[in-house]
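Beneath this line is the structure, given in structure tokens, with notes to follow.
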Amino acid sequence: MQDMSERSLNFESQAYRDLIAKSLLHKGHNARLKKAIEKTKRGEPVTIAYIGGSITQGAGAEPIHMNCYAYQSFYLFKKMFAPTSNSSLRFIKAGLGGTPSELGVIRYHRDVLREGEVKPDIVIVEFAVNDADDETEGTCYESLVLQALRADNDPAVILLFSVFKNDWNLQDRLAPVGWHYNLPMVSVKDAVVEQFQLPSEEGRLISKEQYFHDIYHPTNAGHLIMADCLGWLFEVTDRSDLDHGKDMINKPPLIGNAFVDVKLLDRLNGESVARIDVGGFGETDTDLQMAEMDDDPYGTPHFPNNWMYSRESGSQAGSFKMILRSKRLILVFKDSASNEFGIANIYVDGELVHKTDPHQINWTHCHVLLLFDEKQSSEHIIEIGMAEGHEDKSFTILGFGYVD
Numbered sequence: 000m001q002d003m004s005e006r007s008l009n010f011e012s013q014a015y016r017d018l019i020a021k022s023l024l025h026k027g028h029n030a031r032l033k034k035a036i037e038k039t040k041r042g043e044p045v046t047i048a049y050i051g052g053s054i055t056q057g058a059g060a061e062p063i064h065m066n067c068y069a070y071q072s073f074y075l076f077k078k079m080f081a082p083t084s085n086s087s088l089r090f091i092k093a094g095l096g097g098t099p100s101e102l103g104v105i106r107y108h109r110d111v112l113r114e115g116e117v118k119p120d121i122v123i124v125e126f127a128v129n130d131a132d133d134e135t136e137g138t139c140y141e142s143l144v145l146q147a148l149r150a151d152n153d154p155a156v157i158l159l160f161s162v163f164k165n166d167w168n169l170q171d172r173l174a175p176v177g178w179h180y181n182l183p184m185v186s187v188k189d190a191v192v193e194q195f196q197l198p199s200e201e202g203r204l205i206s207k208e209q210y211f212h213d214i215y216h217p218t219n220a221g222h223l224i225m226a227d228c229l230g231w232l233f234e235v236t237d238r239s240d241l242d243h244g245k246d247m248i249n250k251p252p253l254i255g256n257a258f259v260d261v262k263l264l265d266r267l268n269g270e271s272v273a274r275i276d277v278g279g280f281g282e283t284d285t286d287l288q289m290a291e292m293d294d295d296p297y298g299t300p301h302f303p304n305n306w307m308y309s310r311e312s313g314s315q316a317g318s319f320k321m322i323l324r325s326k327r328l329i330l331v332f333k334d335s336a337s338n339e340f341g342i343a344n345i346y347v348d349g350e351l352v353h354k355t356d357p358h359q360i361n362w363t364h365c366h367v368l369l370l371f372d373e374k375q376s377s378e379h380i381i382e383i384g385m386a387e388g389h390e391d392k393s394f395t396i397l398g399f400g401y402v403d
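For reference, each letter of the sequence shown is one residue, going 0 to 403 in numbering that gives the first Met the number 0.
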């Protein structure tokens, strides 16, 4: 049982400020972030965007749309630099639980840029606890970072490293991308993990039980700490002299940039990009992964423009076939806990490349699978059909990410 000193967290103490200061892994080249801060001070329109996994979505926070770290750090930025009520700040939140940057790089244009209608001034990227499932082992992460960095309005890109209850994240893999491009980086792991081990009488400010809602996600207090860590970067950047000279975004990639130009292909635009015969995948799945976007308390269904096979409509209609000129292709499919879903066979140019089980994690969410990665673009035939013995089951193709 926790005593009163553990239950009462002092967010105003110098010890707490010292903890938060430990999160500043790297200040980075500050010109882009200072530009956004100065625009805000002048009352000009500024957009702050967040992309990541379930922690960015707000999991563990109650209510999720107001107490998630993303909204709290946005509010903190507003309080610091735009105190008047008529400030023109826009909040974009594009967190999606259980998904890596391999999917984030496909979602960026749709979910952050809103199909090109939004140009964020600041982009916070948070995949440090999701990218164990990135098949490209950092190439998609670096590609996503470059997608954001290379926008013509020169946004500031901040790398944020959250942490699980077992003290694990992928900071060692991902932080070198930030060093490489001299980007600001904030490590929640560096701020909290060491002090978790201390007894309260020796300086522990917050226990794991107070910080974590479960083994993955922060409580409201944990989300507040994450927001304050970002706030410290904002404060340090504002107080620092402007960094002169060019930033380093035109350097050769550290891990890889092969997916920087990836595009989403789904039912909405598929016929204009590829030759498609939907076969038995003629239905549209409406039981989709939901995520609270921006400051909306209600979930938005993700990948609604999909192709679904069901036994009612598909058993006599054959496989999904697509002919596409591309050098890289990622399949996005639905993972499900329902026993109505079954295994699909995926063929590329007549060769079986995957037997895809939609029960890999057993909850309704978006799953990604790299189908091919080649140096030159060429025409490929992709065929997806139900495996033998699964013809009476369902399978949903949510979309594809392709590089032409």
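We treat Cβ as the ideally placed atom computed from N, Cα and C, and that holds for glycine.
Counting along the chain, the unbroken beta strand (DSSP E) around S377 starts and ends at 364-385. The Cβ neighbour count for H389, taken over all protein chains shown within 10 Å, is at least 16; the residue is labelled buried.
Around the CB of S271, fewer than 16 other CB atoms lie within 10 Å, so the residue is classed as exposed. Inclusion of A220 and L8 in the CB contact set at 9 Å is warranted, their separation being smaller than that value. Taking a C-beta distance under 9 Å as the contact criterion, V331 and V104 do not qualify as a contact pair. In the three-state reduction of the DSSP assignment, E136 falls in the coil class.
Runs of the alpha helix (DSSP H) lying entirely within the stretch 127-199 and spanning at least 4 residues, in chain order: 138-148, 170-180, 187-195.
Closest by C-alpha distance to N256, out of T135, R324, K164, is T135. The continuous beta strand (DSSP E) containing R327 extends over residues 319-334.
Residue state for V111 is assigned as helix, using DSSP reduced to three classes. Non-local beta-carbon contacts of F399 in its own chain, meaning distances under 7 Å to residues more than five positions away in sequence, involve L264, L328, I329, L330, V331 in chain order.
Ranked by Cα distance from P119, the first of D130, L351, R31 is R31. For M65, the enclosing alpha helix (DSSP H) stretches over residues 63-66.
For T355, DSSP records a beta bridge to A343. In the three-state scheme derived from DSSP, where H, G and I count as helix and E and B as strand, M289 is classed as strand. L287 and H366 have their alpha carbons spaced roughly 12 Å apart. Here Y49 has T55, A69, K92, I123 as same chain residues with Cβ atoms under 6 Å from its own Cβ, once five neighbours each way along the sequence are excluded. Per DSSP, the unbroken beta strand (DSSP E) holding K262 starts and ends at 262-264.
Fully enclosed alpha helix (DSSP H) runs of no fewer than 4 residues occupy 219-238 of the stretch 213-269, in order along the chain. Ranked by Cα distance from L351, the first of G384, E339, L323 is G384. Straight through space, the alpha carbons of A155 and P183 are spaced by roughly 8 Å. If you draw a straight line from the Cα of F10 to the Cα of I205, it comes to about 10 Å. In chain order, W306, F319 place their CB closer than 7 Å to the CB of V277, counting only its own chain and leaving out the 5 sequence neighbours on each side.
Taking all protein chains in view, the Cβ of K188 is crowded by 16 or more other Cβ atoms within 10 Å, so the residue is classified as buried.
The residue among N165, V259, A386 with its C-alpha nearest the C-alpha of G137 is V259.
Membership of K21 in any alpha helix (DSSP H) is not indicated, and neither H nor E is assigned to it by DSSP. Per DSSP, the beta bridge partners of F394 are Y308. A distance of 9 Å or more separates the beta carbons of I345 and L323. With a 10 Å radius around the Cβ and a threshold of 16 neighbouring Cβ atoms, P251 comes out exposed.
The Cβ atoms of G97 and G52 lie closer than 9 Å to each other. For K92, the secondary structure class from DSSP, reduced to helix, strand or coil, is strand.
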